[in-house]
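Residue numbers (this note's numbering): 1452 to 1927.
In what follows, a structure is listed as C-alpha cells, so that the remarks can point back to it.
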Amino acid sequence: MKLNFKKTLALVLALSLLVPVFGVCSSAATKETVRQYGQEGGYLAIGDSISRGCGAEGFYIDEDGSYMPDGEGQYGLYHLRNVQGCVPYQIAEAVGCVAPMDMTDQSATYWPFTYPGMTTAVTLDLLGVDDGYTDTKLNYAYYKDMLNYFGYEGSFNGVRERDYYDPATDGKCGNIIELIRRADLITVQLGMCDIFYRAYRIVSNGGMLADGMSFDLSSPEAIKALVETAIGEIKNGFENFKAQYPLLLAKIVELNPDADIVIVGAFNLVNQLTITDDLLAPIGSIISTITESMNALYRQWAKEYGVRYADIANTETQATENDWALLGDFKDNTFTGTHPTQKGYDYIVRQILAQLPPEDTDTNIKVDLGRFQNVDYVLVNGIPVNNYTMEGFVLSIPYSLPGATNLTIGVKNDDGTLSVQTYSLTYTIGEGYTAYRLYGTNDAEGTASKPWNLIVKIFKTIFEKLAEFFKGLFDK
C-alpha cells in the first residue's frame, strides 16, 4: 500500500494534539520554580515608567513616605523608594534578591535603574556610549536625578541640566557600570518611550513640546498639522530606536557576558481606545502595527546577542480597564491610561519569569492570556484541541513534537462575548515551543454591543487607511 506522506504527517500531528506526548521539553519558570540569583551578584532592572511601576500597588505615597490608597496622594518622582507592586520588585522577590524600600540601601542585591520617560538614548549617555544623537526638542529634567542615583561614564550628548559628576552627591544607588558588571540577572525594558514619548507630550500638553512649539487646535487645519507632527515624531523615534537599542545591548553584553539578560517587549498602550463612548471605531489598534514591528526587532536582537526575550503583548492597561475614549476621559488621563493595571504588571512578571531557567520542566505549550481566565476553544494548526487546561491565566496544551506553527484561542470576555487571540509558534530543539501574540488592526473584544452607524463606518475606514499607512512606515 502506497502512503501519502503529507496525509500521514497531518494524521500524526492531529493525533499528537489529542494525547500528551512526552519528548522534547519546553520550560517555563514560575515564582515557585525559578532559578535564584540573590546569592551572588543580584538583579538589575533597566527601564522606564513601566519598570518603575507607575500606577502599580504602592505607587502612590505621601510626602513622608507612608502609603496612600491607590488614587490618593501624589507620587514623588524623586523619592528613592521601591514600588512593591512593580515588575522588578516582584521579580527580585521571586529570584531571592534583597529589595529594601530605600533604593540607596547598599545591602540590596536588587537595583531598579528605572525612571519615568527613560529612553535608550539617555541610558546610552549614562553608560558613556556615543550614539551621535542629541535630543534638542525635549529637555529631560531627570539627567540630574540619574546622575544623583547612578552616576555616569563619559559625557552626555543630550540636553541636560549638568554634565559633570560630583562624587560627594552622585551615585547614591551605586555606579551603573559596576551594577551591570555585578548582576547575575538583568532585565531591559526600554523602547516605548523612544517612540511614543514625544507624541504623548504633544497630546498631554495640548500640542506643546519643550522647545515652545505649540498648535492652535481650533481649526481642522491646525488639528491636521498636529496629527502630522505626531506621526513624524513617532516615525523619527522608531528610526532612533532601531539605531540605538543594539548599541545598548552590545554595551551590556560587553560589560557582563555571563549574566542572564532578558529584553522585555512592547505592548499597545491604547489598543482599546475608541473615539467616544458611542463611536466605537478602534483608533488605538493602529498602534499595534508599530509594537509588532518593535517586537519583531526585539526577537531578532535577542538571537543576535544571545539574550532572552519576554513577549508582553497581552498586557492589560488602565485604558482597557476603564474604557477610556479619546474625546472623553482619556484625553485628560493619558499618563494613567497608558500604564498597566496591577493585573497587567503581574502578567509581565509571569512572562519574564517564564524566560528564566526553571528548576523543573514540562512538555506543554504554555500561553499566558494576560487578564483572561476562561477559554471557549483552542485550535493548533487549525485543528481543535480539547485536552487543554487552565491554571490561573495560563493556558497549557499537551504538545511537544515539532510541527505546530500557529495557535488560535477563543477567550471569553466578562460580558459573555468572545474574542479571538492568535499566536505564531516557534519550536526550538531542547527548549520546545514559544508562542508570540499576533495582532490585527482591530483586536476587538465584543465592543460592538451598540449598533454601528454610518459615522462609525466612516471612522473605521479612515483608521484602516491609517493602519495601512503605518504599516508602510514601519515594515522592514
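Just so you know, even glycine gets a beta-carbon here, dropped at the ideal spot from N, CA and C.
All figures in this text were calculated on a predicted structure; none of them were measured in a lab.
*Would you check if the region 1867–1875 and the region 1790–1807 touch, i.e. whether three or more CB-CB distances between them fall below 8 Å?*
no
*Assess, as a yes-or-no matter, whether the region 1765–1777 is touched by the region 1634–1650 under the definition of 3 or more beta carbon pairs within less than 8 Å.*
no
*Evaluate the contact criterion for the region 1813–1823 versus the region 1485–1495: three or more CB pairs, one atom per stretch, below 8 Å.*
no
*asked:* Just to confirm the assignment: which complete beta strand (DSSP E) runs, minimum length 3, are found wholly within the region 1544–1570?
replied: 1561–1565
*asked:* Once DSSP output is grouped into helix, strand and coil, what is the label at Tyr1890?
replied: coil
*N-terminal and C-terminal residue of the beta strand (DSSP E) that Glu1755 is part of*: First-last for Glu1755: 1739–1756, but that is the alpha helix (DSSP H), not the beta strand (DSSP E).
*asked:* Strictly by DSSP, which residues pair up with Met1841?
replied: Leu1846
*Could you give the distance in angstroms between the alpha-carbon of Ile1501 and the alpha-carbon of Asn1837?*
36 Å
*Do Val1485 and Val1538 have their C-beta atoms closer together than 8 Å?*
no
*List the residues that DSSP assigns as beta-bridge partners of Val1715.*
Ala1761
*Sorted by chain position, which residues of the same chain lie with C-beta nearer than 7 Å to Met1569's C-beta, five sequence neighbours on each side aside?*
Gly1498, Asp1499, Leu1641, Cys1644
*Around the C-beta of Gln1806, are 16 or more other C-beta atoms found within 10 angstroms, so that it is buried, or is it exposed?*
buried
*Taking contact to mean at least 3 C-beta pairs separated by less than 8 Å, is the region 1680–1690 in contact with the region 1700–1718?*
no
*At which residues does the alpha helix (DSSP H) containing Ser1502 begin and terminate?*
1500–1503
*Could you check where the beta strand (DSSP E) with Asn1815 kicks off and where it finishes?*
1815–1819
_Short of 7 Å in beta carbon distance, which residues of its chain neighbour Asn1832, apart from the five on each side in sequence? Order them along the chain._
Leu1464, Ala1855, Thr1856, Asn1857
*With C-beta atoms as the reference, is Tyr1890 less than 8 Å away from Ala1764?*
yes
*Beta-carbon separation of Cys1505 and Trp1562 under 8 Å?*
no
*So the alpha helix (DSSP H) Glu1800 belongs to, where does it begin and stop?*
Reading off the sequence shown, one finds Val at residue 1800, where the question assumed Glu. Its alpha helix (DSSP H) spans residues 1793–1804.
*Around the Cβ of Glu1743, are there at least 16 other Cβ atoms within 10 angstroms (buried) or fewer (exposed)?*
buried
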